[in-house]
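> I'd like to ask you about the structure that follows.
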Amino acid sequence: MILVVCLNPALDITHHVESVDWAGVNRPTAVYARPGGKGTNVARNLHSFGIDVLLTGLVGGTTGNAVGAGLRRLGVPAAFAPAGGETRRTFTVVDGGGAVALFNEPGPQVSAAEFKRFRADYDAALAGASVVVLSGSLPPGLSSAAYAELIAAAAAAGVPAVLDTSGDPLRAGVAAGPAIVKPNIDELAALAGTSLRTADGAPDLSAVTSAAAGLRDAGARSVVVSLGRDGLLAVTDEGCWLAHPPAVVGGNATGAGDAATAGVARGLLLGQPWPARLAHAAALGAAAVAAPVAGEFSHAHYENGVDLVTVDRYAVPDYPAGERAVGALLDGDR
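In structure tokens:
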């Protein structure tokens with residue numbers, strides 16, 4: 001079973017419009033309301049493969065009830081701890097040209113007592129888990145070390161953890177030694193304190209690889225970096241690989257990173273070698289872009305795309321550990 005933690009779930013509302021008039025009235029051509037949050041998207045993707053999955057976290061209020069009801073309709077197993085505040089909403093606007101704007105509420109204030117109750121449920125669920133995925137932002141009230149605490153508990157139970165978050169929770173979580181961390185290039189750049197792109201905006205692969213190696217120096221066993229349309233870069237103790245996905249024309253990129261996280265976690269569960277794991281993760285991310293709503297994808301699109309992904313071994317630059325951007329930064333914070 002894969003245990004998926006979404007501490008800050010949401011009710012995702014997506015509006016599709018022909019074009020956005022920011023000074024006038026907009027009439028969507030389609031509206032979708034679905035359970036959301038990064039961890040929820042991961043769990044939905046995993047469930048669609050028939051994988052035994054359990055989604056957990058905290059929900060509260062009428063929005064939390066809507067999230068729970070939506071998951072029941074989708075058949076996704078979930079066991080949330082109660083929160084006293086109202087679960088957040090997120091709003092996505094997609095125009096006819098494929099541009100996407102996101103509006104994400106922060107989430108409810110979570111008390112120490114509420115997190116303690118969640119911890120009891122989480123610790124019990126670990127007994128039946130083979131992999132745990134910790135994904136998304138933290139709600140207000142929780143320490144940035146919350147994910148690090150959960151990773152340590154998973155390690156004590158012998159369960160490998162996949163971490164997909166950003167900022168201080170990512171910084172703290174890496175030090176707890178997760179099996180895999182999966183930042184996107186901009187989240188990794190924020191930790192490194194420098195741009196990881198070339199002058200024309202393309203990923204600077206040498207700089208990205210150095211920063212990812214720095215995360216390994218800081219405690220992560222493997223690092224998979226989402227490069228958007230440029231694919232995935234993995235830096236592991238078995239080597240480094242670059243996966244190029246099939247081209248996607250248009251679509252909604254919201255949730256594509258979550259789909260890739262689901263693919264990486266599924267590969268970890270199945271014991272796939274890294275090249276196969278990355279090929280499936282990249283194809284799943286591309287299929288998610290083509291879907292109208294985050295957390296969904298066409299299995300036919302995914303299956304056709306796997307064979308179109310190219311995975312090449314990539315040489316890791318020989319940077320001394322102290323010069324690896326993220327590792328040096330995190331070492332300085334200890």
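No gaps in the numbering here: position 47 of the sequence shown is 47 in full-length UniProt numbering, and each next residue is one more. Beta carbons: idealized from backbone N, C-alpha and C, even for Gly.
1. First and last residue of the alpha helix (DSSP H) that includes F115?
2. Identify the continuous beta strand (DSSP E) that holds D95 and give its terminal residues.
3. For S137 and E149, what's the separation of their Cα atoms in angstroms?
4. Note down, one range per segment and in chain order, each beta strand (DSSP E) of at least 3 residues found wholly within the region 11–94.
5. Is DSSP giving S137 helix, strand or coil here?
6. Quick one: what's got a C-beta closer than 6 angstroms to D95's C-beta in the same chain, skipping five residues either side?
7. May I have the straight-line CA-CA distance separating N8 from D121, to the nearest angstrom?
8. DSSP three-state label for T236, please.
9. Please work out which residues of its chain come closer than 7 angstroms, Cβ to Cβ, to T40, disregarding the five sequence neighbours upstream and downstream, and give them in chain order.
10. Using alpha carbons as the reference points, say which of A281, P246, P245, P275 lies closest to A262.
11. Who pairs with W241 in a beta bridge, going by DSSP?
12. In angstroms, rounded to a whole number, what distance separates the CA positions of V225 and S135?
13. How big is the Cα-Cα spacing for S222 and A83?
14. For the region 269–281 against the region 195–206, do three or more pairs of beta-carbon atoms, one drawn from each stretch, fall closer than 8 angstroms, so that the two count as touching?
15. Are the CB atoms of V42 and V176 within a distance shorter than 9 angstroms?
16. With contact counted as at least three CB pairs below 8 angstroms, one residue from each stretch, are the region 146–163 and the region 62–82 in contact?
17. Between L284 and F297, what straight-line distance do the alpha-carbon atoms span, to the nearest angstrom?
18. Taking only the alpha-carbon atoms, compute the straight-line gap between R171 and L191 and give it to the nearest angstrom.
19. Would you say V181 and I2 are within 9 angstroms of each other, going by their C-beta atoms?
20. Whose C-alpha, out of S48, H244, A315, is nearest the C-alpha of V235?
21. I need the DSSP call for P169, collapsed to helix, strand or coil.
22. Under 8 angstroms Cβ to Cβ from P140, same chain only, skipping five residues before and after it: list those, please.
23. With 16 as the cutoff for other CB atoms within 10 Å, does N184 come out buried or exposed?
24. Give the C-beta separation of T310 and H244 to the nearest angstrom, bearing in mind that I take them to be a contact with Cβ-Cβ under 8 angstroms.
25. Taking A112 as the reference, give the member of A155, A81, H15 with the closest Cα.
26. Check for me: the beta strand (DSSP E) holding residue 343 runs from which residue to which?
27. Between which two residues does the alpha helix (DSSP H) containing A259 stretch?
28. Considering only the alpha carbon of each residue, which of A220, G305, D237 lies closest to G231?
29. Is it buried or exposed, K38, if we count other Cβ atoms within 10 angstroms and call 16 or more buried?
30. Helix, strand or coil for P203 per DSSP?
31. Once the 5 residues before and after D312 are set aside, which same chain residues still bring their CB inside 6 angstroms of it?
32. Rounding to the nearest angstrom, what Cα-Cα distance links R89 and D168 in this structure?
33. Ordered along the chain, which non-local residues of its own chain (more than five positions away) have a Cβ less than 6 angstroms from that of H15?
A quick look at the data gives this:
1. Note, F115: alpha helix (DSSP H), 112–126.
2. For D95, the enclosing beta strand (DSSP E) begins and ends at 88–95.
3. Pairing S137 with E149, the inter-Cα distance amounts to about 15 angstroms.
4. The qualifying runs are 30–36, 53–59, 78–82.
5. The answer is coil: DSSP assigns S137 none of H, G, I, E or B.
6. These residues qualify, in order along the chain: V17, S19, V20.
7. Using only the alpha carbons, I get a separation of about 16 angstroms.
8. In the three-state reduction of the DSSP assignment, T236 falls in the strand class, which pools E and B.
9. Closer than 7 angstroms at Cβ, skipping near neighbours: C6, P9, L55, G295.
10. For A262, the nearest C-alpha among the options comes from A281.
11. A234, R313, per the DSSP bridge assignment.
12. The straight-line gap from Cα to Cα measures roughly 14 angstroms.
13. Here the alpha carbon of S222 sits roughly 33 angstroms from the alpha carbon of A83.
14. Verdict: no, contact absent.
15. In the sequence on display, residue 176 carries Ala and not Val. Taking 9 angstroms as the Cβ cut-off, A176 and V42 do not qualify as a contacting pair.
16. Cβ pair count under 8 angstroms is below three, so no.
17. One Cα belongs to L284, the other to F297, and the distance between them is close to 8 angstroms.
18. Each residue's alpha carbon lies about 7 angstroms from the other.
19. Contact flag unset, no.
20. The option with the nearest alpha carbon to V235 is A315.
21. P169: helix per DSSP, three-state reduction.
22. Within its own chain, the residues whose Cβ lies closer than 8 angstroms to the Cβ of P140, once the five positions on either side in sequence are excluded, are P106, G107, P108, Q109, V110, listed in chain order.
23. Burial is judged here by how many other beta carbons sit within 10 angstroms of a residue's own beta carbon; N184 has at least 16 and is buried.
24. Yes, they are in contact, since the Cβ atoms of T310 and H244 sit about 5 angstroms apart, within 8 angstroms.
25. Of the listed residues, the one whose Cα sits closest to A112 is A81.
26. The structure shown does not extend to residue 343, since the chain spans only 1 to 334, so no value can be given for it.
27. For A259, the uninterrupted alpha helix (DSSP H) run begins and ends at 256–270, by DSSP.
28. G231 has its Cα closest to that of G305, out of A220, G305, D237.
29. Buried is the call here.
30. Reduced to three states, the DSSP call for P203 is strand.
31. Result list for D312: L242, in chain order.
32. About 23 angstroms.
33. Leaving aside the five residues that flank H15 on each side, the residues in its chain whose CB is nearer than 6 angstroms to its CB run, in chain order, P28, V31, V93.
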